[in-house]
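Chemist: Dumping the structure here so I can ask a few things about it.
Residue numbers (the numbering used here): 104 to 406.
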């Protein structure tokens, strides 16, 4: 019996998954102090307003950082292809310089997004940023060598930069797909609510002028009653699923908004659209009506 157990243990060793480097980073607390200081400094430097909304991607309704990242990484990968193909050095320099120029707004949007993430996400994002800064430094050195006529050294630095950028990209993928940073955390609501009107609660049970949470099937809803009118949104913030019913009501350019208590995203109560980031996706909005017996009914608003 003991021999069979030992044999099984040996065979199971081959099934042990590889070391999850990104997972270890997100669980490590060693970087928390510099992360806390840097995140606070970024939030103070880039305060609420048009610049922060632009860097988050609010005007387009999509995060700004990913497409900018593709620009720089695409240019740097193209540089490697040109170098390997022995293409005209001037072409390689031009593509390399374009990637370097694109890294500046990419970094600005990335660090703005990073400052409004959860701590586990910030840990991975911090190392992601270090890898990308290292890549940028190597590419700047590569361009300097190429301009000085030392193409061979420039190519070596560029390949090293591609390796650092690849490591940064791996961690960025972990952030986006494993930790769901930048994803729309309210998107699934429309798939969980069947079509048609649904009874939610009696109007008299809702407090006047104070947001509350009510449950409809599998989802939580933000519900605000003002007189006979009721506003209903999905309660979990599209940024990182913060509870909107715990947020403040504010007026933004004459429109009443609810501000997420976690990271400050502001949504218009008229239709759930984003007034201010870090959220870029609108909050699912529900149409309402009151039955003659005083029961509040809701249905998802058409997209």
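Note that CB positions come from ideal geometry on N, CA and C, so glycine has one too.
Do you know whose CA, among 143, 355 and 223, lies nearest residue 277's CA?
Modeler: Locating residue 277 in the chain shown gives position 174, counting from the first residue. Nearest C-alpha to residue 277: 223.
Chemist: Throw me the rounded Cβ distance for the residue 212 and residue 167 pair, which I believe falls under 8 Å.
Modeler: Here residue 212 is taken as the residue at index 109 of the chain shown, counted from 1. Here residue 167 is taken as the residue at index 64 of the chain shown, counted from 1. That belief holds up - the Cβ atoms of residue 212 and residue 167 are roughly 4 Å apart, short of 8 Å.
Chemist: If you compare alpha carbons, which of 313, 175 and 291 is closest to residue 385?
Modeler: Your numbering for residue 385 matches position 282 in the chain shown. Of the candidates 313, 175 and 291, the one whose C-alpha sits nearest the C-alpha of residue 385 is 291.
Chemist: Taking the alpha carbon of residue 174 as the reference point, which residue from 193, 205, 314 and 239 has its own alpha carbon closest?
Modeler: Residue mapping note: residue 174 aligns to position 71 of the chain shown, counting from 1. Cα-wise, what sits closest to residue 174 is 205.
Chemist: Where does residue 375 land, buried or exposed, given buried means 16+ other C-beta within 10 angstroms?
Modeler: What you label residue 375 is simply residue 272 of the chain shown in a count that begins at 1. Flag for residue 375 reads buried.
Chemist: Can you check the segment 165-235 for any alpha helix (DSSP H) of at least 4 residues that lies completely inside it and give the ranges in chain order?
Modeler: With a minimum length of 4 residues, the continuous alpha helix (DSSP H) runs that stay inside the segment 165-235 are 168-188 and 192-217.
Chemist: Nearest to residue 286 by alpha carbon, out of 259, 343 and 127?
Modeler: Position 183 of the chain shown holds residue 286. Comparing Cα positions, the closest option is 343.
Chemist: Going by DSSP, which residues form a beta bridge with residue 324?
Modeler: Counted from its first residue, the chain shown places residue 324 at position 221. Partner(s): 317 and 337.
Chemist: Going by DSSP in three states, residue 302 sits in which element: helix, strand or coil?
Modeler: Taking the chain shown and counting its residues from 1, one reaches residue 302 at position 199. Looking at residue 302 - three-state DSSP - the assignment turns out to be strand.
Chemist: Here's the rule: buried if 16 or more other CB atoms are within 10 angstroms of the residue's CB, otherwise exposed. What is residue 48?
Modeler: Outside the displayed range of the chain (104 to 406) lies residue 48, so it cannot be described from this structure.
Chemist: Keeping to the same chain, check which residues put their C-beta closer than 8 Å to that of residue 393; ignore five residues upstream and five downstream.
Modeler: For the purposes of this step, residue 393 is taken as residue 290 along the chain shown, with counting starting at 1. Closer than 8 Å at Cβ, skipping near neighbours: 306, 331, 333, 399 and 400.
Chemist: Within a Cβ cutoff of 7 Å, which residues of the same chain sit near residue 171, ignoring the five residues on either side of it in sequence?
Modeler: Stepping through the chain shown from its first residue, residue 171 is reached at position 68. So the list reads 205, 208, 209 and 212, once near-sequence residues are dropped.
Chemist: Helix or strand or just coil, what does DSSP make of residue 163?
Modeler: Position 60 of the chain shown, counting from 1, holds the residue named residue 163. It is helical.
Chemist: Check each candidate in 402, 149, 180 and 134 and name the one with the smallest Cα separation from residue 298.
Modeler: Here residue 298 is taken as the residue at index 195 of the chain shown, counted from 1. Answer by Cα proximity: 402.
Chemist: So, under 8 Å CB-CB, residue 389 and residue 324 are touching, yes? Tell me the CB distance rounded to an integer number of Å.
Modeler: Walking along the chain shown from the start, residue 389 turns up at place 286. Walking along the chain shown from the start, residue 324 turns up at place 221. Yes, residue 389 and residue 324 are in contact; Cβ-Cβ is about 7 Å, under 8 Å.
Chemist: State yes or no: is the C-beta of residue 185 within less than 8 Å of the C-beta of residue 194?
Modeler: Counting from one through the chain shown, the residue named residue 185 turns up at place 82. Counting from one through the chain shown, the residue named residue 194 turns up at place 91. Result yes, Cβ atoms of residue 185 and residue 194 sit closer than 8 Å.
Chemist: In three-state DSSP terms, what is residue 349?
Modeler: Against the chain shown, residue 349 aligns to sequence position 246. Helix at residue 349.
Chemist: For residue 375, which three-state DSSP category applies?
Modeler: Here residue 375 refers to the residue found at position 272 of the chain shown. Coil at residue 375, not helix or strand.
Chemist: Using a 10 Å radius around the Cβ and a threshold of 16 neighbouring Cβ atoms, would you call residue 105 buried or exposed?
Modeler: Within the chain shown, residue 105 is the residue found at index 2, counting from 1. At residue 105, the pLDDT of 47 sits below 50, so the modelled position is not reliable; the number obtained from the coordinates is stated separately. Residue 105 comes out exposed.
Chemist: Give the DSSP bridge partners of residue 139, in chain order.
Modeler: Here residue 139 refers to the residue found at position 36 when the chain shown is read from its first residue. In DSSP, residue 139 forms no bridge with anything.
Chemist: Please report how far the alpha carbon of residue 311 lies from the alpha carbon of residue 339, in whole angstroms.
Modeler: Within the chain shown, the letter at position 208 stands for residue 311. Within the chain shown, the letter at position 236 stands for residue 339. Approximately 21 Å, taken between the alpha carbons.
Chemist: Between which residues of its own chain and residue 177 is the CB-CB distance below 8 Å, once the five residues before and five after are set aside?
Modeler: Working through the chain shown from its first residue, we reach residue 177 at position 74. Excluding positions up to five away in sequence, the list reads 202.
Chemist: Taking the straight line between their C-alpha atoms, what separation do you get for residue 236 and residue 242?
Modeler: For the purposes of this step, residue 236 is identified with residue 133 of the chain shown, where counting begins at 1. For the purposes of this step, residue 242 is identified with residue 139 of the chain shown, where counting begins at 1. Going by the C-alpha atoms only, they are around 10 Å apart.
Chemist: What separation, rounded to the nearest whole angstrom, lies between the Cα atoms of residue 156 and residue 232?
Modeler: Numbered from 1 along the chain shown, position 53 holds the residue referred to as residue 156. Numbered from 1 along the chain shown, position 129 holds the residue referred to as residue 232. Cα to Cα, residue 156 sits roughly 21 Å from residue 232.
Chemist: For residue 355, which residues does DSSP report across the bridge?
Modeler: Here residue 355 corresponds to residue number 252 of the chain shown, with the count starting at 1. 358.
Chemist: Look up residue 388 in the DSSP assignment and give the residues it is bridged to.
Modeler: Position 285 of the chain shown, counting from 1, holds the residue named residue 388. In the DSSP output, where bridge partners are listed per residue, residue 388 has 336.
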